[in-house]
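One structure is given below, encoded as structure tokens.
Protein chains in written order, with my numbering: chain A, 1 to 371; chain B, 1 to 124.
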């Protein structure tokens, strides 16, 4: 049987707009449109880019004590989330590895909305079902998801739905846009101010066409989504972290709530906590860092990182050209002792040693709207 | 350019006396997308048929150019390292890669004509 890629409800529109469709996480997705990745990237940094992220999994977890139950799987303070507040979380395994990363939003006292990665959605659901006994886990299969990102996004969405003007970063609201019920959150994956809009699959095409009538708005493909998130210093699941890396190794310590750490009010209690908390105390043998590249040569995922003596001391997990910077950047894992900002190393590109320097991320300042 | 030949791997070869100018086709640049880096050979390099002679990196992918015939590099396009985007904007002109002198001019006869190349990309 032929393995056909699934289509999002915007497939026909992507093709009509000249989208170059590629297989991605089981879906046929636009990697770019006619303008090309660089122009699409720069447009998102200057105006408003719209991304079809309907391939991502949208789930609702509901049940008595859902917050307490979810804390067994997510090292965040689920109980402290206010209604319509959201939080980034990694989902840890028994070994302390990262099974997925997701955004969780509290919809009600005992109801949570989760957006998970497309490639891991099926495994995530099985994992949630296994560990969240007594909770109802529902897949919102009829919902599409759009990301509307860029410095003019606040103004644009504010005109269409005034209720969104009051939203600060990582908060959501239910509202109507173009007469359609939506759940809108002020979040995204580009480092810019922006929104993610969950809307009925049946309505999303006409909705997107109306958005695109606005001169500030342009459709953006997955290629620019990747360069934007790389410049923002954000991890891509499957590249920069996976079940074999822990949140401490992935430099995602900030995603572990203070209350869940060793001296916190509800210390541990999540899968792999003993390993993760021990790593926080003792340190790890390797860590994710960002790096700048001397010269323009893209250093891509998979490249070895070597020290001056030629010893392999790390591996690149994401890398390429940052259009806003006009320079090559990347991130990867380096052995302990090489993670300090300013450390000079080399990456092997087709056998050639290219000088790189460990730098702070994000590469491009984040511009989230914090009120 | 009166006598331009093509390869199945989407390079063009413009014959100019006993030298040949090498670049990638419009089709190739459109498939690659935004070119952000080009690595060129040294002038004077002696290349065997099938040698990888240049690397082209777009935002998303890396590709390479190989010569289907043995040749000596006479000159390279010095503008490309600083302005790799010329490959996108003018692949058949200012975005040329290098000028080479083939070891055996008869090798060029094995390359595709413009019509044969057009038929090839129609099928892709």
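Glycine included, C-beta positions come from ideal geometry on N, C-alpha and C. All values reported here derive from a predicted model rather than from experimental measurement.
Cβ neighbours of residue i in the same chain (closer than 8 Å, five flanking residues each side left out)
i: residue 380(A); result: Because chain A in this structure spans residues 1 to 371, residue 380(A) falls outside the shown range and cannot be described.
i: residue 168(A); result: 186, 369, 370, 371
i: residue 42(A); result: 323, 324
i: residue 75(A); result: 89, 90, 92, 247, 255, 256, 257, 260, 270, 273, 276
Residue i, buried or exposed, once every other Cβ within 10 Å from all chains shown has been counted against 16
i: residue 272(A); result: buried
i: residue 1(B); result: Its pLDDT being 48, under 50, residue 1(B) is placed unreliably by the model, and nothing is read from it.
i: residue 100(A); result: buried
i: residue 95(B); result: buried
i: residue 139(A); result: exposed
i: residue 68(A); result: exposed
i: residue 312(A); result: exposed
i: residue 360(A); result: exposed
i: residue 130(A); result: exposed
i: residue 1(A); result: Because the pLDDT at residue 1(A) is just 45, under 50, the model does not fix this residue reliably, and the point stays unresolved.
i: residue 303(A); result: buried
i: residue 193(A); result: buried
i: residue 106(B); result: exposed
i: residue 144(A); result: buried
i: residue 287(A); result: buried
i: residue 105(A); result: buried
Own chain partners of residue i with C-beta closer than 6 Å, once the 5 adjacent residues on each side are dropped
i: residue 52(A); result: 8, 10
i: residue 17(A); result: 33, 219
i: residue 25(B); result: 10, 12
i: residue 147(A); result: 51, 53, 188, 196
i: residue 161(A); result: 175, 177
i: residue 45(B); result: 73
Range covered by the alpha helix (DSSP H) that runs through residue i
i: residue 26(B); result: 26-32
i: residue 130(A); result: 121-131
i: residue 39(A); result: 37-46
i: residue 229(A); result: 222-231
i: residue 369(A); result: Counting along the chain, residue 369(A) falls outside any alpha helix (DSSP H), and DSSP gives it neither H nor E.
i: residue 63(B); result: Note, residue 63(B): premise wrong, no alpha helix (DSSP H); beta strand (DSSP E) at 62-66.
i: residue 157(A); result: 153-160
i: residue 117(B); result: 114-122
i: residue 207(A); result: 204-212
i: residue 87(B); result: 86-89
Bounding residues of the beta strand (DSSP E) (the contiguous stretch that carries residue i)
i: residue 197(A); result: 194-200
i: residue 176(A); result: 172-177
i: residue 136(A); result: 136-139
i: residue 113(A); result: 111-116
i: residue 237(A); result: First-last for residue 237(A): undefined, no H or E at that position.
i: residue 267(A); result: Here residue 267(A) belongs to no beta strand (DSSP E), and DSSP marks it neither H nor E.
i: residue 146(A); result: 143-149
i: residue 361(A); result: First-last for residue 361(A): undefined, no H or E at that position.
i: residue 183(A); result: 180-185
i: residue 4(B); result: 4-6
i: residue 11(B); result: 11-16
i: residue 102(B); result: 98-102
i: residue 190(A); result: Here residue 190(A) belongs to no beta strand (DSSP E), and DSSP marks it neither H nor E.
i: residue 219(A); result: 217-219
i: residue 71(B); result: 71-76
Closer than 7 Å: residue i CB and nearest the ligand GDP heavy atom
i: residue 287(A); result: The ligand GDP is not part of the structure shown, which contains no ligands of any sort.
Contact set for residue i: own chain, Cβ-Cβ below 7 Å, skip 5 residues either direction
i: residue 300(A); result: 316, 319, 320
i: residue 203(A); result: 180
i: residue 102(A); result: 89, 91, 114, 115, 116
i: residue 19(A); result: 30, 33, 221
i: residue 44(A); result: 149, 150, 190, 192, 220, 224, 228
i: residue 233(A); result: 290, 361, 362, 363
Unbroken stretches of the beta strand (DSSP E), 3 residues or longer, contained in the segment 277-356 of chain A: 286-293, 304-306, 312-322, 327-335, 344-349
Short-range partners of chain A found in the segment 74-105 of chain B, where Cβ spacing is below 9 Å: 81, 82, 84, 85, 88
Between the segment 304-332 of chain A and chain B, which residues of the former have CB atoms less than 8 Å from a CB of the latter, in chain order? 320, 321, 323, 328
Short-range partners of chain A found in the segment 22-47 of chain B, where Cβ spacing is below 8 Å: 33, 34, 36, 37, 39
Output, in sequence order along the chain, the residues in the segment 218-246 of chain A whose CB is closer than 7 Å to any CB in chain B. 223, 227
If you measure beta-carbon to beta-carbon, which residues of the segment 33-46 of chain A are closer than 7 Å to chain B? 36, 37, 38
Give me the subset of the segment 286-304 of chain A whose CB atoms are less than 9 Å from a CB atom of chain B, sorted by chain position. 295, 296, 297, 298, 300
Scan the segment 38-64 of chain B and note each continuous beta strand (DSSP E) run of 3 residues or more that stays entirely inside, going in chain order. 52-58
Ordered list of alpha helix (DSSP H) runs contained in the segment 15-99 of chain A, each at least 4 residues: 37-46, 66-70
Residues of the segment 334-367 of chain A with a CB closer than 8 Å to any CB of chain B: list them in chain order, please. 350
Selection of the segment 115-130 of chain A by Cβ proximity to chain B, strictly under 9 Å: none
Chain-ordered residues of the segment 53-86 of chain A with a beta carbon less than 7 Å from chain B: none
Residues of the segment 1-23 of chain A whose Cβ lies closer than 9 Å to any Cβ of chain B, in chain order: 20
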